[in-house]
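One structure is given below, encoded as structure tokens.
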Amino acid sequence: MGEASTQVRTEAPKTGPLQPTPRRTPRLLRAAAWLSLLGILGTHPATAQDAEPSKDIAASLSAQVANAEPEPLPLAEPRGSEESAATDAEARPRKTSSRATPAKQRRGGINPCMTPDPGWGVHDHWSRAPSMGQMISPHKGGITKSGAFDVIIHFHGHEAVRKEFVKTPTGMVLVGIDLGIGSGAYANAFASPGTFERLLASIEAGMASKTGKKNAHIRKLALSAWSAGYGAIEQILRQPSGKKVDALVLLDSLHAGYADEQTKALKSLQIEPFVEFARSAAKGKKFMFLSHSSIIPPGYASTTEVAEFLVKRISGKLKKSKREDVLGLDMIQRFDRNDLHVRGYTGDDKPDHCAHIGLMADIVRVHLQPRWKTPKGRL
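Count the sequence shown with mature numbering (1 follows the signal peptide of the UniProt record, and there is no 0) and you get residues -48 to -1, 1 to 331, in order.
Following this line, the structure appears as structure tokens:
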């Protein structure tokens, strides 16, 4: 899903969104459906050599998501609840009936892949100031007297994430980058260290121009990804400039290839940068939020397998958890250690994958804003 930085426009398909596969569907048919679905969503292993699906299909779905008409927005949390999808308060499981409400029903008719547009909040519309992608910044505020400001750079699904990001009246800058289908497109684009360095410089130049502060500079930096976007983050974390990153947000967005498909042993070198970052977060030095669905992709490791591998590498263990979250997400396991937070959910269909983007609003409000103490944005 995602459009290149040149913003090539395509028309949305006339047919409606894909429907979840009924449980009674034979396994072979479900597998065939997933081969098609995963191609559309762009969830591919880290290697650029992997086969990629039709770009026409993915481009059409990207347009469909980006051009969705607003519909009534369901509450992210039940009325009266003080818990949020990203808080430590999750340790207290939400009270549910013996027969939990199905995820589809809790979504209130909302397709998580085409959520309503809440507007822009305290932020101005997209600017083409960055060397790649685009950014939104507060109309006013969000920057200190010395010219310092905070940034989230998100890979894959910039419009979908923007609709969640603006729900929190933060002064942070959001940069959105879409480079096409598959993690290989993102990994290749950021293989050269100069690409990320130029991106950061262009963001600072854009804020200097907007605010009139010639010394505008990035103070705190987060990298975020949904689906295939992790390919860019892997490359950045391997580079010297990757040390500038204070926070990682991976929304159903970390896969790996198999070193041995029979034993399901992962190619650990592909995710080593993430493991190292997780260690730092577990010590309270960095912040990391990782979520996974229960999607089983063909031929490479799922986000569930990678999440469990990562937690095990830092001598941790995911614990069972039961909770109903935003956009019909049903939590089944979690792990917390200082500033490392892992959340596991059920769901093996396209809407379940898209629903993870809905976690962004709480991540910004509950974790990043208090951690960074970003200056308030205002109109």
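Glycine residues also receive a C-beta, built at the ideal position from the N, C-alpha and C atoms.
Extent of the continuous beta strand (DSSP E) to which Lys115 belongs: That residue, Lys115, is in no beta strand (DSSP E); its alpha helix (DSSP H) goes 110 to 117.
Local conformation of residue 356 per DSSP, three classes: Only positions -48 to 331 of the chain appear in this structure, which leaves residue 356 out of reach.
Those residues which DSSP pairs with Pro90 across a bridge: His75
Endpoints, the alpha helix (DSSP H) within which Gly158 is located: 145 to 163
Helix, strand or coil at Asp130 [DSSP, three-state]: coil
Minimum length 3: unbroken beta strand (DSSP E) runs contained in the stretch 182 to 231: 199 to 203, 210 to 212
Residues near His110 by beta carbon distance below 6 Å, same chain, minus five either side: Gly128, Asp130
Cβ contact (3+ pairs, closer than 8 Å) linking the stretch 306 to 320 and the stretch 263 to 274: no
Ile170, DSSP secondary structure in three states: strand
Start-to-end residues for the beta strand (DSSP E) that takes in Asp288: 282 to 289
C-alpha gap between Ile133 and Gly93, whole angstroms: 35 Å
Limits of the unbroken beta strand (DSSP E) element including Ser135: Taken as a continuous stretch (DSSP letters only), Ser135 belongs to no beta strand (DSSP E), being part of the alpha helix (DSSP H) at 135 to 141.
Alpha-carbon to alpha-carbon, Asn140 and Ser245: 26 Å
Three-pair Cβ contact test at 8 Å for the stretch 174 to 187 versus the stretch 100 to 107: yes
Beta-carbon contacts of Thr298 that lie in its chain and below 7 Å, excluding the five residues immediately before and after: Ser246, Asp282, Ile284
Backbone secondary structure at residue 333 - three-state DSSP: Residue numbering for the chain in the displayed model covers -48 to 331; residue 333 lies beyond these limits and cannot be assessed.
Own chain partners of His91 with C-beta closer than 8 Å, once the 5 adjacent residues on each side are dropped: Val74, His75, Asp76, Gly329, Arg330, Leu331
Residue span of the alpha helix (DSSP H) that contains residue 378, given as start and end: Because residue 378 is not part of the residues shown, which for the chain are -48 to 331, the question remains open.
Rounded C-alpha distance that separates Lys237 from Leu202: 18 Å
Three-way DSSP call (helix, strand, coil) for Leu242 in this model: strand
DSSP-derived helix/strand/coil call for Lys271: strand
Residue burial classification, Asp212 (beta-carbon count within 10 angstroms, cutoff 16): exposed
First through last residue of the alpha helix (DSSP H) which encompasses Val278: Note, Val278: premise wrong, no alpha helix (DSSP H); not H, not E.
Limits of the beta strand (DSSP E) - the one that Ala100 falls within: 100 to 107
Neighbourhood of residue 333 by C-beta distance below 8 Å, restricted to the same chain and skipping five residues each side: Examination of residue 333 is not possible in this model, given that the chain is present from -48 through 331 alone.
Span of the beta strand (DSSP E) around Val294: 292 to 297
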